[in-house]
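Undergrad: So the protein lines, in turn, are chains A and B.
For the first sequence, position 33 matches number 48 in this note's numbering, and the numbering has no gaps at all.
For the second sequence, position 124 matches number 126 in this note's numbering, and the numbering has no gaps at all.
No residue lacks a Cβ here, since even glycine has one placed at the ideal position from N, Cα and C.
Please read these numbers as outputs of a predicted model, since none were measured by experiment.
Okay, here's the structure, questions in a sec.
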Amino acid sequence: MSATVTLEERVRAALDGVHDPEIPACSITDLGMVERVDVTGEAIEVDLLPTFVGCPAKDIIGEDVHAALGDAAGGREVRVTFVYDPPWTTDRINERGRERLREVGIAPHWEQKSGPVAISLMSVSGVACPFCGSTETKMESAWGPTPCRTQHWCSSCRNAFEGFKEKADTPA
Amino acid sequence: MPDEDPRLGLLLALADDELVIGHRHSEWTGWAPYLEEDLAFSSIGQDEMGHARLLYEIAEPLAGKDPDALALGRQPGEYRHAILCERPNGDWGYTIARQYLYDTADDVRLAALESSSFPELAAAVKTIRLEERYHLEHARQWFTRFSQGPVEARQRFAQGLEAAVGEALALFETLPGEERLIADGVLPRSSEDLLGDWLGALGGVLEEASLDWVLASHEKAGGEMVPTSSGEIEQGPTLTVPGLERRDDRWVHVGEFAGDGGRRGKHTEDFGVLWEEMTALYRKIPGATW
Chain A
16 MSATVTLEER VRAALDGVHD PEIPACSITD LGMVERVDVT GEAIEVDLLP TFVGCPAKDI
76 IGEDVHAALG DAAGGREVRV TFVYDPPWTT DRINERGRER LREVGIAPHW EQKSGPVAIS
136 LMSVSGVACP FCGSTETKME SAWGPTPCRT QHWCSSCRNA FEGFKEKADT PA
Chain B
3 MPDEDPRLGL LLALADDELV IGHRHSEWTG WAPYLEEDLA FSSIGQDEMG HARLLYEIAE
63 PLAGKDPDAL ALGRQPGEYR HAILCERPNG DWGYTIARQY LYDTADDVRL AALESSSFPE
123 LAAAVKTIRL EERYHLEHAR QWFTRFSQGP VEARQRFAQG LEAAVGEALA LFETLPGEER
183 LIADGVLPRS SEDLLGDWLG ALGGVLEEAS LDWVLASHEK AGGEMVPTSS GEIEQGPTLT
243 VPGLERRDDR WVHVGEFAGD GGRRGKHTED FGVLWEEMTA LYRKIPGATW
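Set out below in structure tokens:
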């Protein structure tokens with residue numbers, strides 16, 4: 016392994032240690048929220064894409080990024096900006112993020128376009144259960160504990176589970 | 003207001019609509035008819051307030067006030083939302099009727115603003131619309147459910163539409179400085195033009211559900227033949243929706259608006275009550291954080 020780790024790599028590693036307080040299993044990198052990192056002699060600029068516009072965790076995430084970059088910054092000014100161009104979409108969540116979501120019982124269901132039957136955004140059946148993998152499931156509600164989640168029921172293992180609400184440019 | 007940048011008026015109209023209707027939605031938290039709808043209105047309300055905050059952030063340099071001061075630190079007469087948004091929730095029929103009318107109208111104007119020459123606004127609108135899809139779907143699902151009955155559900159939904167539709171037109175009241183907004187490409191199409199689109203689509207949907215009589219001049223509670231146990235149909239005063247006419251098989255807007263003035267800061271008693279509650283903490287403890 017190379018002995019020289021660039022500052023930008025250290026910054027990115029630090030960002031990977033910042034977690035979404037509403038989904039502690041996932042880092043902001045897993046969720047695809049880090050849009051741009053720019054390191055100069057004077058400053059570290061980080062652009063983040065919020066998942067949902069009204070996400071109450073936004074301010075906390077901003078503070079956590081400042082705290083996480085404290086050491087790496089070495090006196091540089093840290094500037095964290097939330098940007099909306101491009102819009103955040105669910106397909107930005109990386110493979111590790113999807114795996115971590117399943118582990119905590121949240122189905123990343125937008126990736127199963129060929130399988131589930133989306134009658135409408137309010138009624139999606141056949142989303143794979145994150146606990147047993149069965150597709151004998153139905154959406155109970157498009158609304159959950161936070162604006163970014165849905166609720167489902169698995170007829171096979173008889174568990175309720177949550178889904179991450181799909182946000183896409185071209186809806187299912 | 004005379005020297006105000008018209009972009010600020012546009013941003014405040016959009017943001018205040020979202021903030022105030024979002025506040026009304028949040029009043030269902032803990033009270034909705036069942037848990038899923040409690041979550042639905044809580045989530046939709048939270049989304050709308052988030053959208054308002056984003057729009058206030060864009061307005062900040064134009065207004066010289068931060069988003070909190072814009073949301074909570076103005077006098078009632080400085081808010082630019084349409085009066086429709088401040089009305090109390092009423093019954094479930096009115097709540098759903100208003101949400102349907104508001105979110106379908108919001109979709110028409112947001113679709114147009116995606117091509118605004120004001121880059122921050124265009125980008126914000128694109129991301130906002132990805133979330134509004136769920137609100138629209140929620141409203142449409144209830145529209146179908148209510149319009150198919152049973153009788154009381156259909157009736158109360160129709161009463162909700164009757165009560166809300168006149169004021170919903172005023173969502174498209176001409177904005178202060180609109181000519182300049184259009185000339186600069188900030189507002190790609192005029193409010194009147196957008197109203198025409200929305201009304202055309204709404205008329206079609208209502209006709210399909212045989213509910214288009216709510217748009218017409220009609221005798222209240224006599225607009226639809228409803229079987230009752232006694233066989234009697236109650237007669238009420240004639241209701242007219244100001245500003246609506248049917249021409250060439252299409253509903254169009256002509257002349258006046260019911261409940262206009264919101265874009266110029268004119269509001270009803272209903273907003274006074276809402277404002278008192280919404281801004282109470284902000285006024286009592288300046289600079290409070292939690």
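1) Using 8 Å as the limit for Cβ to Cβ distance, is Cys70 (chain A) near chain B?
2) Considering only their Cβ atoms, is the gap separating Thr150 (chain A) from Gly159 (chain A) smaller than 8 Å?
3) How far does the alpha helix (DSSP H) with Trp144 (chain B) in it extend, from its first residue to its last?
4) Can you pull the chain E neighbours of Gln48 (chain B), defined as C-beta to C-beta under 8 Å?
5) Any beta-carbon of chain A closer than 8 Å to the one on Ala42 (chain B)?
6) Taking 8 Å as the limit between beta carbons, can you name the residues of its chain near Glu279 (chain B), skipping five residues before and five after?
7) How is Gln2 (chain B) classed by DSSP in three states: helix, strand or coil?
8) Check each residue of the stretch 101-126 of chain B: if its Cβ is closer than 9 Å to any Cβ of chain A, include it; give the result in chain order.
9) Could you check whether Ala65 (chain B) and Leu177 (chain B) sit closer than 8 Å to each other, using their CB atoms as the reference points?
10) Any beta carbon of chain B sitting closer than 8 Å to that of Asp100 (chain A)?
11) Enumerate in chain order the residues of its own chain whose CB-to-CB distance from Glu258 (chain B) is below 6 Å, with the five nearest sequence positions on each side excluded.
12) Taking just the CA atoms, how far does Ala107 (chain B) sit from His53 (chain B)?
13) Does the distance from the C-beta atom of Phe273 (chain B) to that of Glu80 (chain B) stay below 8 Å?
14) Per the DSSP calculation, His255 (chain B) is bridged to which residue(s)?
15) Which value, in whole angstroms, describes the spacing of the CA atoms of Asp49 (chain B) and Thr31 (chain B)?
16) What is the rounded straight-line gap between the Cα of His137 (chain B) and the Cα of Asp105 (chain B)?
17) If I measure Cβ to Cβ from Leu22 (chain A) and keep anything under 6 Å in the same chain, skipping five residues before and after, which residues do I get?
18) Whose C-alpha, out of A:Ile75, A:Ala122, A:Asp86, A:Thr104, is nearest the C-alpha of Leu64 (chain A)?
19) Quick check on this structure: which residue in B:Pro35, B:Trp94, B:Gly289, B:Leu56 has the alpha carbon closest to the alpha carbon of Thr129 (chain B)?
20) Going by Cα to Cα distance, which pick from B:Leu115, B:Gly168, B:Val216 is closest to Ala329 (chain B)?
21) Distance, Cα to Cα, Gly206 (chain B) vs Asp109 (chain B)?
22) What does Thr34 (chain A) pair with, by DSSP beta-bridge criteria?
23) Report yes or no: is there a C-beta of chain A within less than 8 Å of the C-beta of Gln143 (chain B)?
24) Between which two residues does the alpha helix (DSSP H) carrying Ala155 (chain B) extend?
25) Starting from Asp62 (chain A), trace the beta strand (DSSP E) in both directions and tell me its first and last residue.
26) Let me know if Pro39 (chain A) comes out buried or exposed under the rule of 16 or more other beta-carbons within 10 Å of its beta-carbon.
27) Could you tell me the distance, in whole angstroms, from the CA atom of Thr291 (chain B) to the CA atom of Asp70 (chain B)?
28) Write down the C-beta distance between Glu169 (chain B) and Ile85 (chain B) rounded to the nearest angstrom, noting that I regard them as a contact closer than 8 Å.
29) Short of 7 Å in beta carbon distance, which residues of its chain neighbour Ile60 (chain B), apart from the five on each side in sequence? Order them along the chain.
30) Taking Cβ positions, are Gly77 (chain A) and Val95 (chain A) nearer each other than 8 Å?
31) Decide if Ile287 (chain B) is buried, meaning its Cβ has at least 16 other Cβ atoms within 10 Å, or exposed.
32) Beta-carbon of Ser149 (chain B) versus every beta-carbon of chain A: anything under 8 Å?
33) Report back the beta-carbon spacing between Ala172 (chain B) and Gly92 (chain B) to the nearest angstrom; my notes put them in contact at under 8 Å.
34) Under the rule that 16 or more other beta-carbon atoms within 10 Å means buried, what is Leu201 (chain B), buried or exposed?
35) Closer than 9 Å, Cβ to Cβ, to anything on chain B: give me those residues from the stretch 172-186 of chain A, in chain order.
36) Which residues in chain A have a C-beta closer than 9 Å to the C-beta of His53 (chain B)? List them in chain order.
TA: The answer reads as follows:
1) For this step, residue 70 (chain A) is matched to residue 55 along the first sequence. With 8 Å as the cut-off, Cys70 (chain A) counts as an interface residue toward chain B.
2) For this step, residue 159 (chain A) is matched to residue 144 along the first sequence. For this step, residue 150 (chain A) is matched to residue 135 along the first sequence. Against a cut-off of 8 Å, the Cβ pair of Thr150 (chain A) and Gly159 (chain A) comes out as no contact.
3) Numbered from 1 along the second sequence, position 142 holds the residue referred to as residue 144 (chain B). 121-149 is the extent of the alpha helix (DSSP H) around Trp144 (chain B).
4) You won't find chain E in this structure, because its protein chains are A and B.
5) Translated into the one-based positions of the second sequence, residue 42 (chain B) becomes position 40. Ala42 (chain B) counts as touching chain A.
6) Counting from 1 along the second sequence, the entry for residue 279 (chain B) is found at position 277. Cβ within range, chain order: n/a, list empty.
7) Nothing can be reported for residue 2 (chain B), as the shown portion of chain B is limited to 3 through 292.
8) Closer than 9 Å at the C-beta level to chain A, one finds these residues of the stretch 101-126 of chain B: Pro121, Glu122, Ala124, Ala125, Ala126.
9) Counting from 1 along the second sequence, the entry for residue 177 (chain B) is found at position 175. Counting from 1 along the second sequence, the entry for residue 65 (chain B) is found at position 63. If you check the CB distance, Leu177 (chain B) and Ala65 (chain B) do not come in under 8 Å.
10) As a working note, residue 100 (chain A) is residue 85 in the first sequence. Closer than 8 Å: yes.
11) Locating residue 258 (chain B) in the second sequence gives position 256, where the first residue counts as 1. These residues qualify, in order along the chain: Pro244, Gly245.
12) Within the second sequence, residue 53 (chain B) is the residue found at index 51, counting from 1. Within the second sequence, residue 107 (chain B) is the residue found at index 105, counting from 1. Roughly 16 Å separates the two Cα atoms.
13) Looking up residue 273 (chain B) in the second sequence gives position 271. Looking up residue 80 (chain B) in the second sequence gives position 78. Note that the C-beta distance between Phe273 (chain B) and Glu80 (chain B) is not below 8 Å.
14) For this step, residue 255 (chain B) is matched to residue 253 along the second sequence. Beta-bridge pairing links His255 (chain B) to B:Leu246.
15) Working through the second sequence from its first residue, we reach residue 49 (chain B) at position 47. Working through the second sequence from its first residue, we reach residue 31 (chain B) at position 29. If I take the Cα positions, the gap works out to 14 Å.
16) Along the second sequence, read from residue 1 onward, the residue named residue 137 (chain B) stands at position 135. Along the second sequence, read from residue 1 onward, the residue named residue 105 (chain B) stands at position 103. Computed Cα separation, rounded: 7 Å.
17) Reading the first sequence from its first residue, position 7 is the one you call residue 22 (chain A). Sequence-distant Cβ neighbours of Leu22 (chain A) in its own chain, meaning closer than 6 Å and more than five residues away, are Val54.
18) Position 49 of the first sequence, counting from 1, holds the residue named residue 64 (chain A). Of the candidates A:Ile75, A:Ala122, A:Asp86, A:Thr104, A:Thr104 places its Cα closest to the Cα of Leu64 (chain A).
19) On the second sequence, position 127 is the one that residue 129 (chain B) refers to. The shortest Cα separation from Thr129 (chain B) among B:Pro35, B:Trp94, B:Gly289, B:Leu56 belongs to B:Leu56.
20) Outside the modelled stretch of chain B, which goes from 3 to 292, sits residue 329 (chain B), for which no answer is possible.
21) Along the second sequence, read from residue 1 onward, the residue named residue 206 (chain B) stands at position 204. Along the second sequence, read from residue 1 onward, the residue named residue 109 (chain B) stands at position 107. Going by the C-alpha atoms only, they are around 16 Å apart.
22) For the purposes of this step, residue 34 (chain A) is identified with residue 19 of the first sequence, where counting begins at 1. Sequence check: residue 34 (chain A) is His here, not Thr. A:Ser42, per the DSSP bridge assignment.
23) In the second sequence, counting from the first residue as 1, residue 143 (chain B) sits at position 141. True, the Cβ-Cβ gap to chain A drops below 8 Å.
24) For the purposes of this step, residue 155 (chain B) is taken as the residue at position 153 of the second sequence. Where Ala155 (chain B) is concerned, the enclosing alpha helix (DSSP H) stretches over 153-171.
25) Counted from its first residue, the first sequence places residue 62 (chain A) at position 47. Per DSSP, the continuous beta strand (DSSP E) segment holding Asp62 (chain A) begins and ends at 58-63.
26) In the first sequence, the residue the question calls residue 39 (chain A) occupies position 24. Per the 10 Å Cβ criterion, exposed.
27) For this step, residue 291 (chain B) is matched to residue 289 along the second sequence. For this step, residue 70 (chain B) is matched to residue 68 along the second sequence. So the two alpha carbons sit approximately 11 Å from each other.
28) Counting from 1 along the second sequence, the entry for residue 169 (chain B) is found at position 167. Counting from 1 along the second sequence, the entry for residue 85 (chain B) is found at position 83. That belief holds up - the Cβ atoms of Glu169 (chain B) and Ile85 (chain B) are roughly 5 Å apart, short of 8 Å.
29) Indexing the second sequence from 1 puts residue 60 (chain B) at position 58. Contacts found: Leu13, Glu122, Leu123, Ala126.
30) Here residue 77 (chain A) is taken as the residue at index 62 of the first sequence, counted from 1. Here residue 95 (chain A) is taken as the residue at index 80 of the first sequence, counted from 1. In this structure, Val95 (chain A) lies closer than 8 Å to Gly77 (chain A) by Cβ.
31) Taking the second sequence and counting its residues from 1, the one referred to as residue 287 (chain B) is at position 285. Classification of Ile287 (chain B): exposed, given that the 10 Å Cβ count is below 16.
32) Translated into positions along the second sequence, residue 149 (chain B) becomes position 147. No Cβ of chain A is located within less than 8 Å of the beta carbon of Ser149 (chain B).
33) Sequence index remark: in the second sequence, residue 172 (chain B) carries index 170 (1-based). Sequence index remark: in the second sequence, residue 92 (chain B) carries index 90 (1-based). The distance from the Cβ of Ala172 (chain B) to that of Gly92 (chain B) is about 18 Å, inconsistent with a contact at the 8 Å cut-off.
34) As a first step, residue 201 (chain B) is located in the second sequence; it is residue number 199 there, counting from the start. Residue environment: Leu201 (chain B) is assigned as buried (16 or more neighbouring CB atoms within 10 Å of its CB, all protein chains considered).
35) In summary, the residues of the stretch 172-186 of chain A whose CB is separated from some CB of chain B by less than 9 Å are Lys180, Lys182, Ala183, Asp184, Pro186, in the order they occur in the chain.
36) By 1-based counting over the second sequence, the position of residue 53 (chain B) is 51. Residues of chain A with a Cβ closer than 9 Å to the Cβ of His53 (chain B) are, in chain order, Val68, Gly69.
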